[in-house]
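Visitor:
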Amino acid sequence: MRLSNDFKETGILNNMKEVTFEESVFSSIVAKVTLIILAVLFFLVSIDLVITALSGSLNFINENLLSNALNPFVGLFLGLLVTAIIQSSSTTSTMVVALVASGTLSLEEAVPIIMGANVGTTLTSTIVALGFISNKRAFRRAVAVGTIHDFYNIILVLILFPLEHYYGFLSGVSFYFSELLYGSGISEALPHTDNVLGSGLTNQFVLWVNNSVLILIISFGFLFASIKLLTWIIKKTIIGESKNRLQSFVFGKPIQSFSWGVLLTAAIQSSSVTTSILVPLAAADKIKLRNAFTFIIGANVGTTLTALIAAGFRSEAAATIAIAHLLFNLTGVIIFMSLPILRKLLVHFVKEFSYAIAKYRIIGLAYIIVMFFLLPFLLISLNRNMDKPVDKVHDTSVGQHF
96 MRLSNDFKET GILNNMKEVT FEESVFSSIV AKVTLIILAV LFFLVSIDLV ITALSGSLNF
156 INENLLSNAL NPFVGLFLGL LVTAIIQSSS TTSTMVVALV ASGTLSLEEA VPIIMGANVG
216 TTLTSTIVAL GFISNKRAFR RAVAVGTIHD FYNIILVLIL FPLEHYYGFL SGVSFYFSEL
276 LYGSGISEAL PHTDNVLGSG LTNQFVLWVN NSVLILIISF GFLFASIKLL TWIIKKTIIG
336 ESKNRLQSFV FGKPIQSFSW GVLLTAAIQS SSVTTSILVP LAAADKIKLR NAFTFIIGAN
396 VGTTLTALIA AGFRSEAAAT IAIAHLLFNL TGVIIFMSLP ILRKLLVHFV KEFSYAIAKY
456 RIIGLAYIIV MFFLLPFLLI SLNRNMDKPV DKVHDTSVGQ HF
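In our numbering, the protein residues as written are 96 to 497.
1. Return the CA-CA distance between L199 and G211, expressed in angstroms with no decimal places.
2. Grouping DSSP H, G and I as helix and E and B as strand, with all else coil, what is V345?
3. When you compare each of V195, R385, L133 to A417 by their alpha carbons, which one comes out closest?
4. Thinking just about the alpha-carbon of each residue, which of A378, E203, V445 is nearest to the one in I249?
5. Tell me which same chain residues have a C-beta within less than 7 Å of the C-beta of F448, skipping the five on either side of it?
6. For the 8 Å Cβ check, are there 3 or more pairs between the stretch 368–375 and the stretch 214–230?
7. Please tell me whether V465 and F388 are closer than 7 Å, where the distance is taken between their beta carbons.
8. Please state whether the Cβ-Cβ distance between P207 and G267 is less than 7 Å.
9. Have a look at V345 and F246 and give me their C-alpha separation to the nearest angstrom.
10. Could you spell out where the alpha helix (DSSP H) holding M210 opens and where it closes?
11. Going by DSSP in three states, L144 sits in which element: helix, strand or coil?
12. Note down, in chain order, each residue of its chain lying with its Cβ closer than 8 Å to the Cβ of R456, except the 5 sequence neighbours on either side.
13. How big is the Cα-Cα spacing for S352 and G393?
14. Closer than 6 Å by C-beta to L324: which residues in its own chain qualify, once you throw out the five before and the five after it? Chain order, please.
15. Starting from the N-terminal side, write out each stretch of the alpha helix (DSSP H) that is 4 residues or longer and does not extend beyond the stretch 213–261.
16. Between the C-alpha atoms of V177 and G215, what's the straight-line distance to the nearest angstrom?
17. Return the chain-ordered list of same chain residues with a C-beta closer than 7 Å to the C-beta of I430, the five sequence neighbours on each side being excluded.
18. In terms of residues, what are the limits of the alpha helix (DSSP H) holding K454?
19. Quick one: grab the DSSP three-state call for N305.
20. Going by Cα to Cα distance, which pick from N230, Y262, E274 is closest to A453?
Written out as structure tokens, the structure reads:
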């Protein structure tokens, strides 16, 4: 009888231990998920704050730069420079849409600006990579993921800019589809959405501080602090089996990684944010560069899909610009997803580039200054007086059609 009672007590104790263990595991998971969500929110708010801090220059940019982009080369480099300054391709696109709709720019003059904006928006992830400059190995991995987005978009520009300049490829096709959509009445049935992140909090903060220089300093401080926090949490939570699950679930096969890139970016409505989140993951050695690359290709498409719904169908001008942006990124999908050898070559090149930057870190800062600011500024100055091309697909401004 005594033995039977001992067995019962042992069984009860074991059950209590199992329950306690399950509760502690559950509490640990909840705590980790909560920390990750808070860190990501802090990261997103800091990026939004940087964008808001730089937005004071928008009127000057709109009136003095974009409206004078009559030369396609000037337009390309203006799109790059403006987006690098304000760190928002969506804002650049919105300004371009307004200029096209008002008849200030033709569609053919606007498309190169959109191409440049696609390159300029990649600066965000490259800046985030600088947050790991103190750790050579982490910095190398972060730079690789940050710059592969740059080079991917640069290659697309090298392919599509000549096609647009000489044959009006993107402007012609996008104009055709926007006419088709508006002529058929499809646009009336499509929903209008707003950015899920919002900027109310950051706008209130800007009004409260009321000092543009101080806001900029604080915003960059928040950005680098959020990077450090996010990296620390990732290192503490995504280890062992969690790392393997992340690799297999999100970054398994190329099509799987690509699909997640599309879906997550469509939900967040910002490719800068989703690609920047990859940087600390790569720095912590949680994802491989080749898997991150296909995710980035998907992110480029995801941000254009939401733009197509959220902004593109509010006017025919907006629809045409959004379609041109979508076609630009779909071309990249067709080229790089159908030819794995090209993906491998680009990944190999970026790895070598990141090794060089990790060895001579001053190259990283020089790359950002030259690529995103100095080179566009010089090329804009050199090309400003070039004659405006006349061999366009549409002679009249698209804005006049709208």
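Ideal placement from N, C-alpha and C gives every residue a C-beta, glycine not left out.
Bear in mind the structure is a predicted one, so any value in this text is a computation, not a measurement.
Guide: Result, derived from the coordinates:
1. This sequence places Thr at residue 199; Leu is not what is there. If I take the Cα positions, the gap works out to 19 Å.
2. coil
3. V195
4. V445
5. T242
6. yes
7. no
8. no
9. 23 Å
10. 202–215
11. helix
12. I228, F234
13. 8 Å
14. A134
15. 218–224
16. 8 Å
17. L437
18. 435–454
19. coil
20. N230
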